[in-house]
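Trainee: Questions regarding the structure given below will be posed in turn.
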Amino acid sequence: MIEEIDVSICPFKWWASQESQFPILSQLAKKYLAIPVTSATSEHLFSDAGNIMTIKRTNLSPSTFEHLIFCKRNWHLIESISLSLF
C-alpha cells in the first residue's frame, strides 16, 4: 500500500523515489510530466470545436460533441489503425 502523498513534493522527485515499485508508470510519468506547457494545443482544440459546433449543429448533445472532438483530434490514430487492419 502507498502512503499518503505530500502535495508539496515535486512530482518528478516522487516518481523517482517510486521507480522501483512502479517502473512502467514511472517512465510514463517522466515522459508526460515533462511536456512543455503551451497554448497552441488549446487553441487548436477551440478551433476544431468551432468547426464542429456550427449554427446548424447547435443541437448536438454534449456527449456527441465530445465524441466528434475526440475523433477529430485523434483521426491520425484511427486512420493508421484502419490501414493496418486491411
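Following full-length UniProt numbering, the numbering of the sequence shown begins with 1 at its first residue and continues without gaps. Glycine included, each C-beta is placed from N, C-alpha and C at the ideal position.
#1: Given 8 Å as the limit, is there contact between the segment 64 to 77 and the segment 44 to 52, that is, 3 or more CB pairs closer than that?
#2: Which of helix, strand or coil does DSSP assign to Asp6?
#3: If you draw a straight line from the alpha carbon of Tyr32 to that of Ile5, how long is it in whole angstroms?
#4: Quick check: Trp15 and Ser26, are their CB atoms within less than 7 Å of each other?
#5: In whole angstroms, give me the CA-to-CA distance for Pro36 and Leu60.
#6: Going by CA-CA distance only, name the one from Thr58, Arg57 and Asp48 that's closest to Lys72.
#7: Among Trp75, Phe12 and Ser63, which has the Cα closest to the Cα of Ala34?
Mentor: On the basis of the supplied data:
#1: Result yes; three or more Cβ-Cβ pairs closer than 8 Å.
#2: Your numbering for residue 6 matches position 6 in the sequence shown. Residue state, collapsed to three classes: coil.
#3: Here the question's residue 32 lines up with position 32 in the sequence shown. Here the question's residue 5 lines up with position 5 in the sequence shown. Answer to the nearest angstrom: the Cα atoms are 19 Å apart.
#4: The residue labelled residue 15 in the question sits at position 15 within the sequence shown. The residue labelled residue 26 in the question sits at position 26 within the sequence shown. Contact flag set, yes.
#5: Position 36 of the sequence shown, counting from 1, holds the residue named residue 36. Position 60 of the sequence shown, counting from 1, holds the residue named residue 60. Whole-angstrom Cα-Cα distance: 33 Å.
#6: Along the sequence shown, read from residue 1 onward, the residue named residue 72 stands at position 72. The residue with the shortest Cα to Cα distance from Lys72 is Asp48.
#7: Start at 1 with the first residue of the sequence shown, and residue 34 comes out as number 34. Comparing alpha-carbon positions, the option among Trp75, Phe12 and Ser63 lying closest to Ala34 turns out to be Phe12.
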